[in-house]
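Visitor: I have a structure I would like to understand better, so I am pasting it below and will then ask my questions one at a time.
Protein chains in written order, with full-length UniProt numbering: chain A, 1 to 423; chain B, 1 to 423.
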């Protein structure tokens with residue numbers, strides 16, 4: 001075993017041990033813990049902001065761009081926001097402890113399923129210090145221990161944040177090791193974490209495609225892949241084209257850097273000649289640039305815009321920017337076929353006033369979220385009323401789409417007999 | 001890409017395509033399909049039994065043991081049983097199409113979750129030809145396509161079985177490729193299948209520890225691990241010792257070769273001197289042999305039996321035979337600690353008349369099934385009233401314990417607006 005492997009093994013063992021102390025806590029105890037964490041973070045705010053200044057200085061020196069620096073930044077206002085979010089989690093219902101499907105079996109056993117914490121959750125994320133608090137709080141609310149691995153750019157901030165959380169745990173008579181930070185940028189620690197199936201019950205990678213791939217390939221622990229959205233919107237021939245423009249603009253422009261932003265617009269050929277010049281002009285005015293199929297490029301000429309030529313690669317790209325692919329399709333079937341081929345299974349939408357087209361699209365498109373006459377931007381835990389979001393899953397097992405508190409739980413079957421034997 | 005990889009890729013692509021045709025079938029269409037499969041199997045019974053005779057002859061020549069030969073065997077009676085089981089699956093409710101948690105969101109969207117098939121399921125299993133039919137029928141009942149990889153010893157039988165199923169699909173106007181068999185014993189095909197995440201949504205390995213490990217390590221697709229049961233039963237000081245004997249005998253002896261059979265008996269020290277000689281004598285009379293801790297070995301001497309010395313390795317063994325580990329523990333806490341250390345998370349039981357001990361055991365033991373005053377042998381889809389069993393999961397994501405039809409489904413979020421934008 002390498003030194004890194006034994007470091008991670010010890011950390012996992014401590015996390016598992018801590019998870020036992022959390023698993024059967026009553027909700028009011030967990031609420032008290034969350035309030036204590038908020039208080040500790042408030043008290044440590046000067047130290048947190050100082051540590052963050054250190055991270056920022058190092059990041060500037062390393063030449064990180066403005067967007068990255070902004071993501072790293074923790075000032076007083078942002079920290080207040082993070083602490084205020086803890087109150088929102090406190091207000092949520094606790095899924096743990098519910099008994100589901102209780103019944104008396106023919107064999108004489110009384111059987112039920114009880115919702116219980118997963119146990120130990122490993123979360124790997126990029127340089128956003130708010131995630132450290134978010135995830136710790138969601139994990140503790142559901143009685144889980146958590147192992148955090150944040151981006152190396154926020155290591156100083158994360159150390160102070162987790163230390164405050166650990167102090168709150170201890171003050172509440174709970175094991176500090178319920179929240180542990182991997183406090184070294186050594187990448188081999190991540191590899192070791194991904195193979196720690198003896199102690200870790202779920203890995204959630206919150207990051208780009210490369211991190212997702214790494215986890216899919218290396219992990220021996222169940223992983224929830226997600227957060228990659230190659231999202232489509234299909235403008236049907238029966239769409240209200242005037243109203244369509246605002247929905248498409250919302251999907252593309254409101255926050256182009258996130259996973260539920262629109263990547264490819266599919267346009268029914270029957271309305272393409274009318275619609276494509278309009279949508280190109282409107283979006284171009286908002287700063288959007290385009291990749292288009294041949295027809296799109298011909299039709300958009302009327303608006304004075306010529307998109308770059310779209311190809312297999314551009315259709316398979318999550319833009320995360322003010323770029324949009326546009327393709328003219330023969331009909332709904334071709335739109336569905338395009339989505340099946342290129343989608344990452346995140347969010348797709350149809351705009352149509354035709355009830356048959358709407359139903360067909362919902363039936364045929366198999367993504368985490370499928371919309372009729374709505375922006376793809378709605379795929380989000382808080383928009384969906386889940387109150388919190390651990391991640392957005394694009395796989396089909398366990399949790400799909402925005403993951404709320406329930407996704408941090410599992411169930412165990414409880415059977416009670418009277419010295420009952422199987423026949 | 002190797003030849004094996006491209007073979008598997010083509011197979012996966014066909015399965016995915018076929019899955020689209022199944023996903024939105026009404027229940028009565030799927031019932032008709034299952035009836036057609038039963039009819040085709042009946043019609044092909046002579047061919048099936050002839051192919052099985054071929055498998056058996058080859059197995060005998062290869063020197064496989066009697067237990068293995070028995071598992072391989074498909075005679076008329078067994079085939080009748082397999083066909084009769086299809087009727088049971090027909091009688092089950094169809095979980096696909098249900099809409100869950102429908103509600104109107106604050107943002108104006110009407111949102112629900114619709115239960116849908118997973119899509120394509122890959123199942124890797126050992127030399128039991130009945131599994132071929134079982135799994136195909138369960139997958140089709142829930143609108144999934146399936147890729148089957150059975151043991152090489154049953155290849156001839158499996159070819160005829162799947163060919164009959166594919167004929168039924170075609171007769172019902174459905175794509176034959178909804179059920180495909182990997183019809184070569186080449187192991188590199190399995191490795192290729194495990195990395196086919198583009199087309200396969202879930203892998204279920206039904207086999208021993210080695211297969212489970214292979215899948216955990218190589219798969220880039222979500223895998224449901226399971227079927228390995230290192231099961232414990234704790235005899236508390238407050239147990240009714242007379243009645244305990246029969247439950248323990250049931251757990252150990254009724255069917256020792258299956259995953260829910262008892263592996264280690266934990267005995268509270270307060271009743272060890274009285275109980276250990278009794279249980280050893282009773283079980284020995286049923287053919288059980290023992291590994292015991294030091295105390296067990298000393299105490300069992302009174303019954304004229306001396307267990308072999310138990311150690312770390314024996315406690316970590318799934319016996320799958322008439323062998324039993326016995327250990328004396330200080331109290332319930334030590335029993336729980338033993339289980340946490342050695343259990344595979346399958347099934348554990350306590351025997352006690354003390355309500356506090358019972359509650360504590362159910363709270364502290366985190367396995368798929370936890371029993372009070374019942375045999376571990378109950379962990380089974382049909383005993384649990386699920387009607388069918390795809391596998392028994394020992395992991396915590398997606399499905400835990402016996403997996404019924406619902407475990408072959410996921411959900412998608414459906415949102416309907418009125419050209420609704422996110423604020």
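All C-beta atoms in this analysis are idealised placements derived from N, C-alpha and C, irrespective of residue type, glycine included.
For residue 185(B), I'd like the list of residues in its chain whose CB is within less than 6 angstroms of its CB, leaving aside the five on either flank, ordered along the chain.
Guide: 152
Visitor: Alpha carbon to alpha carbon, how far is residue 371(A) from residue 347(A)?
Guide: 8 angstroms
Visitor: Note down the Cα distance separating residue 327(A) from residue 38(A), rounded to an integer number of angstroms.
Guide: 49 angstroms
Visitor: Which residue comes first and which comes last in the beta strand (DSSP E) that contains residue 280(A)?
Guide: Run containing residue 280(A): none in the beta strand (DSSP E); it sits in the alpha helix (DSSP H), 269-285.
Visitor: Tell me which residue opens and which closes the beta strand (DSSP E) that residue 204(B) is part of.
Guide: 202-206
Visitor: Tell me, to the nearest whole angstrom, how far the beta carbon of residue 464(B) is from that of residue 286(B); I am working on the premise that it is less than 8 angstroms.
Guide: What the structure shows of chain B is the stretch from 1 to 423, and residue 464(B) is not part of that stretch, so it cannot be assessed.
Visitor: Looking at the structure shown, is residue 132(B) part of a helix, part of a strand, or coil, going by DSSP?
Guide: helix
Visitor: Helix, strand or coil for residue 20(B)? Go by DSSP, reduced to three states.
Guide: helix
Visitor: Let's see if you can read the secondary structure: which residues bound the alpha helix (DSSP H) around residue 360(B)?
Guide: 355-364
Visitor: Can you tell me whether residue 294(B) is buried or exposed, with buried defined as 16 or more other CB within 10 angstroms of its CB?
Guide: Residue 294(B) is exposed by the Cβ-count criterion.
Visitor: Count the CB pairs spanning the stretch 102-113 of chain B and the stretch 58-74 of chain B that are closer than 8 angstroms, and state whether there are at least three.
Guide: no
Visitor: Cα separation between residue 462(A) and residue 17(A)?
Guide: Outside the modelled stretch of chain A, which goes from 1 to 423, sits residue 462(A), for which no answer is possible.
Visitor: So what does DSSP say about residue 232(B), is it helix, strand or coil?
Guide: strand
Visitor: Pull out every residue of the stretch 389-401 of chain A whose Cβ sits closer than 8 angstroms to any Cβ of chain B, in chain order.
Guide: 395, 396, 397, 398, 400 and 401
Visitor: Can you name, in chain order, every residue of its own chain whose Cβ lies under 8 angstroms from the Cβ of residue 228(A), other than the five neighbours on each side?
Guide: 208, 209, 212, 259, 318, 344, 346 and 394
Visitor: For a contact meaning CB atoms closer than 8 angstroms, what does residue 361(A) contact in chain B?
Guide: Ordered by position in chain B, no residue passes the 8 angstroms Cβ test against residue 361(A), which lies about 10 angstroms from the chain.
Visitor: Do you know whose CA, among 278(A), 249(A) and 284(A), lies nearest residue 423(B)'s CA?
Guide: 249(A)
Visitor: Taking C-alpha atoms, which residue in 221(A), 289(A) and 173(A) lies nearest to residue 191(A)?
Guide: 221(A)
Visitor: Determine whether the Cβ of residue 417(A) lies closer than 8 angstroms to any Cβ atom of chain B.
Guide: Interface residue, yes.
Visitor: Taking one C-beta from the stretch 87-106 of chain A and one from the stretch 171-179 of chain A each time, how about it: are there three or more such pairs within less than 8 angstroms?
Guide: They do not touch, by the three-pair rule.
Visitor: Rounded C-beta distance between residue 137(A) and residue 89(A)? I'm assuming under 8 angstroms.
Guide: Contact between residue 137(A) and residue 89(A) holds, with the beta-carbon distance rounding to 5 angstroms and staying under 8 angstroms.
Visitor: Whole angstroms are fine: how far does the CA of residue 365(A) sit from the CA of residue 257(A)?
Guide: 24 angstroms
Visitor: Mind checking the stretch 376-387 of chain A against chain B and listing, in chain order, the residues whose C-beta falls within less than 7 angstroms of any C-beta there?
Guide: Contact annotation: in the stretch 376-387 of chain A, residues whose CB is within less than 7 angstroms of a CB in chain B are 377, 378, 383, 384 and 385.
Visitor: At the level of alpha carbons, what is the spacing between residue 218(B) and residue 140(B)?
Guide: Rounded to the nearest whole angstrom, the C-alpha separation of residue 218(B) and residue 140(B) is 27 angstroms.
Visitor: Give me the Cβ distance between residue 224(B) and residue 124(B), rounded to the nearest whole Å; I'm assuming they're in contact under 8 angstroms.
Guide: Actually they are not in contact, since the Cβ atoms of residue 224(B) and residue 124(B) sit about 11 angstroms apart, beyond 8 angstroms.
Visitor: Taking residue 255(B) as the reference, give the member of 321(B), 68(B) and 128(B) with the closest Cα.
Guide: Nearest C-alpha to residue 255(B): 321(B).
Visitor: Quick one: which chain B residues come within Cβ less than 8 angstroms of residue 107(A)?
Guide: Going along chain B in sequence order, the residues near residue 107(A) (Cβ under 8 angstroms) are 378 and 383.
Visitor: If we count the other Cβ atoms within 10 Å of its Cβ and call it buried at 16 or more, is residue 401(B) buried or exposed?
Guide: buried
Visitor: Give a yes or no on whether the minimum CB-CB distance between residue 368(B) and chain A is below 8 angstroms.
Guide: yes
Visitor: Between which two residues does the beta strand (DSSP E) harbouring residue 412(A) extend?
Guide: 409-420
Visitor: Considering residue 147(B), what are the terminal residues of the beta strand (DSSP E) in which it resides?
Guide: 145-149
Visitor: Between residue 92(B) and residue 99(A), what straight-line distance do the alpha-carbon atoms span, to the nearest angstrom?
Guide: 24 angstroms
Visitor: Quick check: the stretch 63-83 of chain B against the stretch 17-30 of chain B, are there 3 or more CB pairs under 8 angstroms?
Guide: no
Visitor: Going along the chain, which residues of the stretch 206-217 of chain B sit with their C-beta nearer than 9 angstroms to a C-beta in chain A?
Guide: 213, 216 and 217
Visitor: Considering Cα atoms alone, identify which of 331(A), 312(A) and 337(A) is closest to residue 325(A).
Guide: 312(A)
Visitor: Can you check DSSP and say which residues form a bridge with residue 100(B)?
Guide: 113(B)
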